[in-house]
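To start, the structure under review is shown below, and the notes come after it.
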């Protein structure tokens with residue numbers, strides 16, 4: 028037992044030294060005349076959610092470490108920690124549930140047309156998981172109903188990138204991956220593969236694309252999806268949408284969201300109005316046992332959300348939203364309230380030279 | 167006791183690395199690229215580059231989140247490299263956005 032403790036201490040110290048050495052090496056990376064510096068960034072948030080009269084208070088923090096090496100390497104690691112304080116019906120005290128984990132930890136080798144990624148990374152299916160996961164970015168704190176079908180992390184390798192597709196007005200982006208272990212709670216499998224192909228039209232500020240995912244064992248279920256992003260020039264509006272369809276017992280769904288920044292009205296320029304509509308369709312012919320096992324994914328559900336975001340600064344935001352969820356077949360309608368704040372932090376882990 | 171010596175040695179090694187890095191950071195490589203420093207001249211070509219960088223910045227970064235404030239150039243270099251991986255932006259977009267944000 029004593030030897031075990033000694034060994035674990037040695038391993039911990041070795042990891043510490045390795046981190047320090049990497050930190051030192053990272054300070055010598057180079058990028059177009061600038062030496063990128065290691066950064067610790069991420070977000071902290073505090074949200075109160077009321078779901079059908081049940082209160083939940085959730086403080087959380089999600090640090091992200093970025094360590095560039097040389098001209099082409101980047102090490103990224105993101106962790107999550109949250110405490111949820113909730114009061115059950117009839118109870119007079121709040122119980123707490125702690126959740127923590129590794130969001131991703133990946134090494135990237137970046138070239139002009141392809142980036143090679145290894146480690147644990149966010150599954151490249153549609154765009155919500157990869158781009159709208161951080162709570163300081165997402166316009167509504169409640170995730171879309173179908174996002175757990177498509178978001179998650181993979182352990183393995185990925186090839187991805189973006190480049191002009193023969194014209195300055197069309198950028199193509201792609202991702203293909205192979206995962207030996209998908210820890211997603213619904214698609215918990217050992218092996219899966221998939222990819223995404225997207226097109227971005229910079230002049231029109233439109234991006235659209237399609238995704239595919241195939242599980243390589245058991246019933247070999249697959250998922251396919253499509254997404255759209257649009258930001259018209261004439262108005263400070265963002266429109267986002269995703270569609271996903273899964274074989275087997277996972278069902279299908281879509282969501283469409285718009286965010287309008289009131290930047291044209293001076294006193295309200297820090298305010299953003301958000302709306303989202305979505306539907307989830309459970310797979311047909313599910314047995315009662317399967318429906319119970321799937322929980323929310325065993326029933327057809329329609330939901331509408333409205334939200335307000337107020338930007339004190341670009342990194343501090345207050346959010347309020349109201350949603351109404353209709354679960355078909357059970358005549359269950361639920362009010363969903365969310366109120367809270369997010370703070371995005373960013374600090375260099377080395378000398379930055381002149382500041383702007 | 168042996169353990170403590172190891173930890174102290176590790177911290178010394180880290181401090182030494184930081185010191186070396188700090189000295190390296192004050193060298194010529196830390197200065198912005200010549201193309202960027204030249205932009206303060208305000209020529210038409212520089213202004214075109216600035217506008218192109220701003221256009222690409224708004225089209226790419228604004229798709230998902232609010233425009234961040236300007237940071238130190240070395241921080242911008244890391245952030246833009248991260249966004250090249252996260253959002254699959256093209257190499258040319260990365261270059262233009264880096265120049266624009268580091269001005």
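Chains as they are written, first to last, in the working numbering: chain A, 28 to 383; chain B, 167 to 269.
Glycine is no exception: its CB is placed at the ideal position from the N, C-alpha and C atoms.
Exercise. Which residues, in order along the region 64-83 of chain A, keep a beta-carbon less than 9 Å from a beta-carbon of chain B?
Worked result: 64, 65, 66 and 68
For this session: Over the uninterrupted beta strand (DSSP E) stretch that includes residue 219 of chain B, give me the two end residues.
Result: No beta strand (DSSP E) holds residue 219 of chain B; the alpha helix (DSSP H) holding it covers 210-226.
Exercise. What residue range is occupied by the uninterrupted alpha helix (DSSP H) comprising residue 318 of chain A?
Worked result: 315-321
Exercise. How is residue 245 of chain A classed by DSSP in three states: helix, strand or coil?
Worked result: coil
Problem set entry | Through-space distance from residue 243 of chain B to residue 255 of chain B, alpha-carbon basis | 14 Å
Exercise. Are the C-beta of residue 215 of chain B and some C-beta of chain A separated by less than 8 Å?
Worked result: no
Exercise. How would you write the range of the beta strand (DSSP E) that residue 284 of chain A sits in, first residue to last?
Worked result: 279-288
Problem set entry | Complete alpha helix (DSSP H) runs within the region 156-239 of chain A (minimum length 4 residues, chain order) | 174-177
Exercise. Do you know how far the Cα of residue 71 of chain A is from the Cα of residue 86 of chain A?
Worked result: 8 Å
For this session: To the nearest angstrom, report how far apart residue 258 of chain A and residue 317 of chain A are at their CA atoms.
Result: 41 Å
Exercise. Where residue 356 of chain A and residue 274 of chain A are concerned, what is the direct C-alpha to C-alpha distance, given to the nearest angstrom?
Worked result: 22 Å
Exercise. Can at least three beta-carbon pairs, one atom from the region 293-308 of chain A and one from the region 249-269 of chain B, be found at a separation below 8 Å?
Worked result: no
Exercise. For the region 312-370 of chain A, which segments carrying the beta strand (DSSP E) assignment without a break, of at least 3 residues, lie completely within its bounds, in sequence order?
Worked result: 328-340 and 343-354
Problem set entry | Rounded C-alpha distance that separates residue 100 of chain A from residue 149 of chain A | 18 Å
Problem set entry | Unbroken beta strand (DSSP E) run spanning residue 299 of chain A, endpoints | 298-308
For this session: For residue 341 of chain A, decide whether its Cβ has a neighbour in chain B, counting only Cβ atoms nearer than 8 Å.
Result: yes
For this session: Could you check if residue 12 of chain A is buried or exposed, using at least 16 other CB atoms within 10 Å of its CB as the buried criterion?
Result: As displayed, chain A neither begins before 28 nor continues past 383, which places residue 12 of chain A out of reach and without an answer.
For this session: May I ask which residues mark the beginning and end of the beta strand (DSSP E) holding residue 94 of chain A?
Result: 81-96
Problem set entry | Classification of residue 217 of chain A by the beta-carbon crowding that lies within 10 angstroms, buried from 16 upward | exposed
For this session: For residue 205 of chain B, count neighbouring C-beta atoms within 10 Å of its own C-beta (all shown protein chains included) and say buried if the count is 16 or more, exposed if not.
Result: Confidence is the limiting factor: at residue 205 of chain B the pLDDT is only 42, short of 50, which leaves the residue's position unreliable and the question unanswerable from this model.
Exercise. For residue 263 of chain A, which residues of its own chain have a beta-carbon under 6 Å away from its beta-carbon, when the five flanking residues on both sides are left out?
Worked result: 288 and 290
Exercise. When you check each C-beta in the region 219-232 of chain B against every C-beta of chain A, which residues fall closer than 9 Å?
Worked result: 221, 222, 224, 225, 226, 228, 229, 230, 231 and 232
Exercise. Helix, strand or coil: which one does DSSP assign to residue 266 of chain A?
Worked result: strand
Problem set entry | Simplified DSSP assignment, three categories, for residue 268 of chain B | helix
Exercise. Do we get a CB-CB distance below 8 Å when we pair residue 259 of chain A with the residues of chain B?
Worked result: no
For this session: Quick one: list the residues of chain B neighbouring residue 232 of chain A, beta-carbon separation under 7 Å, in chain order.
Result: 225
Problem set entry | Three-pair Cβ contact test at 8 Å for the region 337-348 of chain A versus the region 228-236 of chain B | yes
Exercise. From which residue to which residue does the alpha helix (DSSP H) around residue 13 of chain A run?
Worked result: Limits of chain A in this structure are 28 at one end and 383 at the other, which puts residue 13 of chain A out of reach.
Exercise. Okay, do the region 347-362 of chain A and the region 164-175 of chain A touch, 3+ Cβ pairs below 8 Å being the bar?
Worked result: yes
Problem set entry | Collapsed DSSP secondary structure at residue 374 of chain A in the structure displayed | strand
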